[in-house]
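Data block below; observations after.
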Amino acid sequence: MDAERARLTWACRRGMLELDLLLEGFMERGYDALPEAQRPAFERLLETGDQQLLGLLLGHEEPDEKEFIPVIAAIRAST
Amino acid sequence: MSINRRKFDALVIGAGGGGLRAGLHLAREGVHTAVVSKVFPTRSHTVAAQGGINAALANMVPDNWHWHMFDTVKGSDYLGDQDAIEYMCKVAPKIVYELEHFGVPFSRTEKGKIYQRPFGGQSQNFGGDQAARTCAAADRTGHAMLHSLYQQNIAANTHFFDEYFAIDLLRDDDGHVTGALVIEIETGEPLVIEAKATLLATGGCGQMYKTNTNAHVNTGDGMAMALRAGIPLQDMEFFQFHPTGIAGRGLLLTEGCRGEGGYLVNKDGERFMERYAPNAKDLASRDVVSRAIYTEVKEGRGCGPDGDHVHLKLSHLGADVIMKRLPGIRDTCMTFLHKDPITDLIPIYPTAHYVMGGIPTNRAGEVVSVGKRKGTEAVVPGLYAAGECACVSVHGANRLGGNSLLDIVVFGRAAAENMIEYVRANPAHRDLPEKSLEQVEGRLARWEQTGEGPSVLDLRNELKTAMETYCGVYRDQETLATGIEKVAEIVERIKDVRLKDQSKVYNTSRIEALELENLADIAMATVTSAHARQESRGAHSRVDFPERDDANWMQHTLYLREGRKLAYKPVRTQPLTVESFPPKKRTY
Chain A
452 MDAERARLTW
462 ACRRGMLELD
472 LLLEGFMERG
482 YDALPEAQRP
492 AFERLLETGD
502 QQLLGLLLGH
512 EEPDEKEFIP
522 VIAAIRAST
Chain B
484 MSINRRKFDA
494 LVIGAGGGGL
504 RAGLHLAREG
514 VHTAVVSKVF
524 PTRSHTVAAQ
534 GGINAALANM
544 VPDNWHWHMF
554 DTVKGSDYLG
564 DQDAIEYMCK
574 VAPKIVYELE
584 HFGVPFSRTE
594 KGKIYQRPFG
604 GQSQNFGGDQ
614 AARTCAAADR
624 TGHAMLHSLY
634 QQNIAANTHF
644 FDEYFAIDLL
654 RDDDGHVTGA
664 LVIEIETGEP
674 LVIEAKATLL
684 ATGGCGQMYK
694 TNTNAHVNTG
704 DGMAMALRAG
714 IPLQDMEFFQ
724 FHPTGIAGRG
734 LLLTEGCRGE
744 GGYLVNKDGE
754 RFMERYAPNA
764 KDLASRDVVS
774 RAIYTEVKEG
784 RGCGPDGDHV
794 HLKLSHLGAD
804 VIMKRLPGIR
814 DTCMTFLHKD
824 PITDLIPIYP
834 TAHYVMGGIP
844 TNRAGEVVSV
854 GKRKGTEAVV
864 PGLYAAGECA
874 CVSVHGANRL
884 GGNSLLDIVV
894 FGRAAAENMI
904 EYVRANPAHR
914 DLPEKSLEQV
924 EGRLARWEQT
934 GEGPSVLDLR
944 NELKTAMETY
954 CGVYRDQETL
964 ATGIEKVAEI
974 VERIKDVRLK
984 DQSKVYNTSR
994 IEALELENLA
1004 DIAMATVTSA
1014 HARQESRGAH
1024 SRVDFPERDD
1034 ANWMQHTLYL
1044 REGRKLAYKP
1054 VRTQPLTVES
1064 FPPKKRTY
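Quick mapping for you: the protein sequence lines, in order, are chains A and B.
Heads up, the first sequence is in the numbering used here, so the first residue is 452 and it goes up one at a time.
Heads up, the second sequence is in the numbering used here, so the first residue is 484 and it goes up one at a time.
Pasting the structure below:
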């Protein structure tokens, strides 16, 4: 596994099972297909606090960054 | 190899609510403190605690700490230590006000007081009317606590080692704990952190079960470190399960889905709870529903291609009821299963949630090992534990809702208080125990062997399945004996595992291998303790010994790794200032 990908995989280890399933599933099944241009947005999304991140991924909260929208869709699609 | 060394007064391993509360107290008192966390601190599992924190503030209805104490003792099925429970319940209001000062935005009543909600197991006047004792910050109490405590620690200059994984404790020949060996996950470099006092606050170990509600980080690292340092684990047979987890994924579907009229069916579409509990049916107690699901699966009436789960039916409630009353459940099902409960059946299996057992401590947070004389305790100098990894024991055989967030903060703070005293009384670092360090290095070096062998992933899955099958919600002598054999066999096979990835930078497969070793040690402790306890008490429910047996079993189990030996010590039934609550039959 390349170091960059390994770093992101570890950043997907979260405090809630829901997030582990969504994010680790995405790293396994969706990340490779994510366009290069959207990867920085994915990384910024990972900086979000756990509860808010869950709200975003479940569609309960609107992302304040427009770039998050396709990334969130890709994560949901790979779950 | 020469390993870098850092010296601190105090080392805290784990940065959930317990570790951060301790770290804050230490740092504010001028104790030079390091906090080690394998993930970024605000990603600790405390963040998932939604319920709230219990304290007898009496903001809604009359309440006092003595009633809270009674409920906790009763809830523990009389296995809780009454001195520690009295201490916890008494100090709870102060602890909540402190959290408020740290910035936790508790929900308010119209008059501006902290709002408190009623929760199962809470009573006024020693078993009377429902009490309302749980303080919450909306449905994000754990999240709010964790973030507030983290910010306060930053302000107090606590030194954080983020994304460092603790390998093992360092313990000298006199039995003193002098710190730990950790590795930086980013670089793979080991680091010795020497400390005068060390706190384990590493959380739970739900990952030893296939179906569990825990975040993936909950691999019981601190508990296994204690075991390997020659310290026992206490009461590990007591593990809380919820009957309705999403099969294969573990996510909890609240009891509300059965409360609203949902019911369970097997592969023949039969509403099987009618056979197990003709009156209460699907609303029977958690352990009855959990065992019924297990039995249906075991006897070949499970659903799905592997027949390994049952179904929850909600569709008869209609779209309106589901969307209005169970929106969260529907959301979870749609996201994680791509199934809509309005039309689809939901696959269900009991899910492991919380461990009552752990590293034995007294109410000062000091770790207590087995004493020289039978039934006595001996303090492990320099070592403390708090939170889910510890067993004080305030939860005994069963934990009440709202008491876990209380436990971590109360005893995180208490441990820090005593660590401060200890550090001041013992101002010099002890010598680095070379022998202990060599052993720990050996454990790390073992993973540098190359070659062929079973994979970490396969063995982890086997371990989790074995624990679910042989030490889950259905327990009898034969099942548990098989469980001991299965887990012992997996422990042996772990020795043959070789890592293909020998890289240094973010080598997560190495971390997962170390976590597997931890899980296997804890699983062995759990199944061995459960096999020996021939009674049903709290969460430990034996079909061959269905009654509680106070004459023989009102005692704590202690499991030692060496020789897989068991010892026992009496429950501390004497509170600090009030009269003891004698065991009674537990009815609600």
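In this text, a Cβ means the ideal position worked out from N, Cα and C, and glycines have one as well.
Check                                                                                                                                                                     : Outcome
For B/ASN990 and B/GLU646, I'd like the C-alpha separation in whole angstroms.                                                                                            : 12 Å
Determine, for A/LEU496, whether the minimum Cβ-Cβ distance to residues of chain B falls below 8 Å.                                                                       : no
Relative to the C-alpha of B/ARG732, which residue among B/LYS764, B/ALA775, B/ASP791, B/LEU710 is closest?                                                               : B/ASP791
B/VAL804 and B/GLU900 - do their beta-carbons sit closer together than 8 Å?                                                                                               : no
Is A/HIS511 helix, strand or coil when you go by DSSP?                                                                                                                    : coil
Going along the chain, which residues of its own chain have a beta-carbon closer than 7 Å to the beta-carbon of B/ALA620, five neighbours each way excluded?              : VAL587, PRO588, PHE589, SER590, ALA627
Determine the burial state of B/VAL853: buried for a count of at least 16 other Cβ atoms within 10 Å of its Cβ, exposed for fewer.                                        : buried
Within the segment 680-760 of chain B, note down every full alpha helix (DSSP H) run reaching 4 residues or more, in order along the chain.                               : 704-711, 739-742, 756-759
Closest to B/GLY671 by C-alpha separation, out of B/TYR1042, B/PRO1053, B/LEU927, would be which residue?                                                                 : B/LEU927
Rounded C-beta distance between B/LEU1041 and B/TYR1051? I'm assuming under 8 Å.                                                                                          : 7 Å
Check each candidate in B/LEU632, B/ALA541, B/TYR746, B/LEU946 and name the one with the smallest Cα separation from B/LYS465.                                            : The first residue shown for chain B is 484 and the last is 1071, placing residue 465 of chain B beyond what the model contains.
Give a yes or no on contact between the segment 945-957 of chain B and the segment 684-702 of chain B, applying the rule of three or more CB pairs nearer than 8 Å.       : yes
Expressed to the nearest angstrom, what Euclidean distance is found between the alpha-carbon atoms of B/LYS796 and B/CYS740?                                              : 9 Å
Can you pull the chain C neighbours of A/MET478, defined as C-beta to C-beta under 8 Å?                                                                                   : Judged by its chain identifiers, the structure shown contains no chain C, and its protein chains are A and B.
Can a CB atom of chain B be found closer than 8 Å to the CB of A/ASP483?                                                                                                  : no
Mapping the DSSP letters down to three states, classify B/ASP492 as helix, strand or coil.                                                                                : strand
Please tell me whether A/GLY469 has its Cβ less than 8 Å away from any Cβ of chain B.                                                                                     : One point to set straight first is that residue 469 of chain A is Glu, not Gly, in the sequence displayed. Yes, contact with chain B.
Determine, for B/GLU860, whether the minimum Cβ-Cβ distance to residues of chain A falls below 8 Å.                                                                       : no
Examine chain B for any beta-carbon lying closer than 8 Å to the beta-carbon of A/THR460, and answer yes or no.                                                           : yes
So which residues on chain B does A/LEU474 lean against when the C-beta distance must stay under 7 Å?                                                                     : Going along chain B, no residue has its Cβ under 7 Å from A/LEU474, so there is no contact; the nearest lies around 10 Å.
What residue range is occupied by the uninterrupted beta strand (DSSP E) comprising B/PHE644?                                                                             : 642-645
What span of residues does the alpha helix (DSSP H) with A/GLU455 cover, start to end?                                                                                    : 454-462
On a CA-only basis, which of B/LEU683, B/ARG711, B/PRO715, B/PHE894 is nearest B/ALA861? Give me that one, please.                                                        : B/PRO715
Answer yes or no: does any C-beta atom of chain A fall closer than 8 Å to that of B/ILE733?                                                                               : Residue identity differs from the one stated: residue 733 of chain B is Gly in this sequence, not Ile. Judged by the 8 Å Cβ criterion, B/GLY733 is in contact with chain A.
Any idea what DSSP makes of B/ILE567, helix, strand or coil?                                                                                                              : Per the sequence shown, the amino acid found at residue 567 of chain B is Ala instead of Ile. Helix, per DSSP.
What first and last residue would you give for the beta strand (DSSP E) that runs through B/PRO833?                                                                       : 829-838
Could you check what DSSP says for B/HIS515 in three-state terms: helix, strand or coil?                                                                                  : coil
Output the boundary residues of the beta strand (DSSP E) element that contains A/ARG465.                                                                                  : Unbroken run through A/ARG465: none, as it is neither H nor E.
Roughly how many angstroms lie between the CA atoms of B/ARG1031 and B/GLY563, to the nearest whole one?                                                                  : 14 Å
In the structure shown, what three-state DSSP assignment does B/CYS872 receive?                                                                                           : coil
When you check each C-beta in the segment 991-1006 of chain B against every C-beta of chain A, which residues fall closer than 7 Å?                                       : THR991
So with CB distances below 8 Å, who are the chain A contacts of B/THR529?                                                                                                 : GLY466
For B/VAL939 versus B/LEU999, is the C-beta distance shorter than 8 Å?                                                                                                    : yes
Cβ closer than 8 Å: which chain B residues qualify as neighbours of A/LEU509?                                                                                             : ASP814, THR818
Contact between the segment 695-710 of chain B and the segment 1005-1019 of chain B: three or more CB pairs below 8 Å?                                                    : yes
Identify each residue in the segment 875-892 of chain B for which the Cβ-Cβ distance to at least one residue of chain A is less than 8 Å, and report them in chain order. : none
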